[in-house]
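Residue numbers (my numbering): 135 to 250.
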């Protein structure tokens with residue numbers, strides 16, 4: 135099973151669909167779309183079946199959101215509401231990344247880098 139971020143014309147990519155690979159890369163780097171794998175066969179080998187491939191989000195989530203009309207239109211029409219929602223999204227995506235890190239390494243303490 136593969137789940138992928140696949141930009142379409144309805145996303146309203148400001149750079150145009152010809153730049154969709156750049157948009158996909160930004161989605162991953164910004165933390166919008168984390169990359170991970172799950173291989174249940176590893177469990178039988180005594181290994182963690184969950185593998186996190188994404189690096190820590192690079193702080194470009196707002197840039198990513200502004201690059202798509204579906205998000206930018208809210209920013210233009212309702213700037214205050216957009217600001218609140220974008221802050222919420224940023225927080226939730228960072229929390230999601232921390233959760234994925236713990237799944238990938240259950241011995242790590244979330245957010246501190248220290249071991250249990």
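From the three backbone atoms N, C-alpha and C, an ideal C-beta is built for every residue, glycine too.
Values in this document were obtained by computation on a predicted structure and should not be read as measured data.
- Scanning 229, 240 and 241 for the CA closest to the CA of residue 168 turns up 229.
- Exposed is the label assigned to residue 207, since fewer than 16 other Cβ atoms lie within 10 Å of its Cβ.
- For residue 186, no alpha helix (DSSP H) run applies; the uninterrupted beta strand (DSSP E) run containing it begins and ends at 184-186, by DSSP.
- Less than 8 Å divides the Cβ of residue 191 from the Cβ of residue 164.
- In the structure shown, residue 202 adopts extended strand secondary structure according to DSSP, grouped into three states.
- Residue 178 has its alpha-carbon roughly 43 Å from the corresponding atom of residue 143.
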